[in-house]
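A short write-up of the structure that comes next.
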Amino acid sequence: MTQSLRTIKNTLKVVPNFPKKGISFKDITPIFTKPKVLKLTINEMLKTIKGNKFDIVVALESRGFLFGTLIAQSLNLPFVPIRKKGKLPRTTVSASYALEYGKDTIEMHKYDVKPGSRVLIVDDIVATGGTVLAVKQMMKQVKAKAEHLLVLGVLAELPEGPAKIEKAGMKVHYLLKL
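Our numbering applies: residue 5 is where the sequence shown begins, and numbers increase by one.
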């Protein structure tokens, strides 16, 4: 692991038993309290996708927005937020995904991603991969190509998440195994 990645990883905080007993929550927010570490993080994330061409960046509510907007700005690309159902005012497309107890639905404005667009999906951390696969479904609905996911980290205890995403034909770009 490089010194840059060590710096980023050491800035994260692990919160035991949050949001419930037995879960170790990976808190990314300390990165945003340290401007130098934030800049380092964005630069390192950009390195992982170097050489790939994108037309648009989409990111998942809410922690994905923090990285997604900065990545889009750095690449000089449009940014489209993916929100929970019922939060967007214009015509939307949606996809549902399984939760531990039930399901949830995410949406985006239907006409914000053009057909044929090469889409970079950005989020903070990959767990089970369900939300990313739902975003991929939405991109298919608008005839766009979602073949790359960029995240800060993947959870070491849930390798099936990135594996499902890759099986669906997407490349998972990440900095850290958490």
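Glycine is no exception: its CB is placed at the ideal position from the N, C-alpha and C atoms. What you are looking at is a predicted structure, and each value in this text was computed from that prediction instead of being measured.
For my contact list, residue i and residue j are in at a C-beta cut-off of 8 angstroms; report their separation, rounded to the angstrom.
{"i": "K17", "j": "P34", "result": "6 angstroms"}
{"i": "V62", "j": "V117", "result": "7 angstroms"}
{"i": "D127", "j": "L64", "result": "5 angstroms"}
{"i": "F36", "j": "L70", "result": "7 angstroms"}
{"i": "L182", "j": "L154", "result": "That belief does not hold up - the Cβ atoms of L182 and L154 are roughly 15 angstroms apart, past 8 angstroms."}
{"i": "E111", "j": "K147", "result": "So it is not a contact: roughly 17 angstroms between Cβ atoms."}
{"i": "L81", "j": "D59", "result": "7 angstroms"}
{"i": "L156", "j": "I32", "result": "6 angstroms"}
So, with DSSP's three-state summary, where would you put residue i?
{"i": "G157", "result": "strand"}
{"i": "P166", "result": "helix"}
{"i": "G106", "result": "strand"}
{"i": "M112", "result": "strand"}
{"i": "F36", "result": "helix"}
{"i": "I129", "result": "strand"}
{"i": "L137", "result": "helix"}
{"i": "T15", "result": "helix"}
{"i": "K25", "result": "coil"}
Using a Cβ-Cβ distance cut-off of 7 angstroms, determine whether residue i contacts chain D.
{"i": "M142", "result": "Going by chain labels, chain D is absent from the structure shown, which holds only one protein chain."}
Return the residue from the list the options that minimises the CA-CA distance to residue i.
{"i": "R87", "options": "K114, N80, Q77 and L81", "result": "K114"}
{"i": "M143", "options": "A167, S98, L162 and T11", "result": "S98"}
{"i": "L159", "options": "L179, A172 and K43", "result": "L179"}
{"i": "K168", "options": "L182, E151 and N80", "result": "E151"}
{"i": "Q7", "options": "A138, E48 and I32", "result": "E48"}
{"i": "K43", "options": "A138, T15 and Q145", "result": "T15"}
{"i": "S78", "options": "K140, R67 and T45", "result": "T45"}
{"i": "K51", "options": "V139, A102 and L9", "result": "L9"}
{"i": "K40", "options": "A76, T11, K175 and A138", "result": "T11"}
{"i": "N56", "options": "I32, L103 and K149", "result": "K149"}
{"i": "V136", "options": "T73, I27 and P166", "result": "P166"}
{"i": "S100", "options": "G157, I75, A138 and I27", "result": "A138"}
{"i": "L103", "options": "A76, P119 and G134", "result": "G134"}
{"i": "F83", "options": "Q141, G106 and S121", "result": "S121"}
Closer than 6 angstroms: is that where the CB of residue i sits relative to any heavy atom of the ligand HEM?
{"i": "Q145", "result": "Within the structure as shown, the ligand HEM is missing, as the structure has no ligands at all."}
For the stretch 39 to 76, list the alpha helix (DSSP H) runs that are entirely contained and at least 4 residues long, ordered along the chain.
You should have 39 to 52.
Do the stretch 120 to 134 and the stretch 91 to 99 meet, that is, are 3 or more Cβ pairs less than 8 angstroms apart?
Segments in contact, no.
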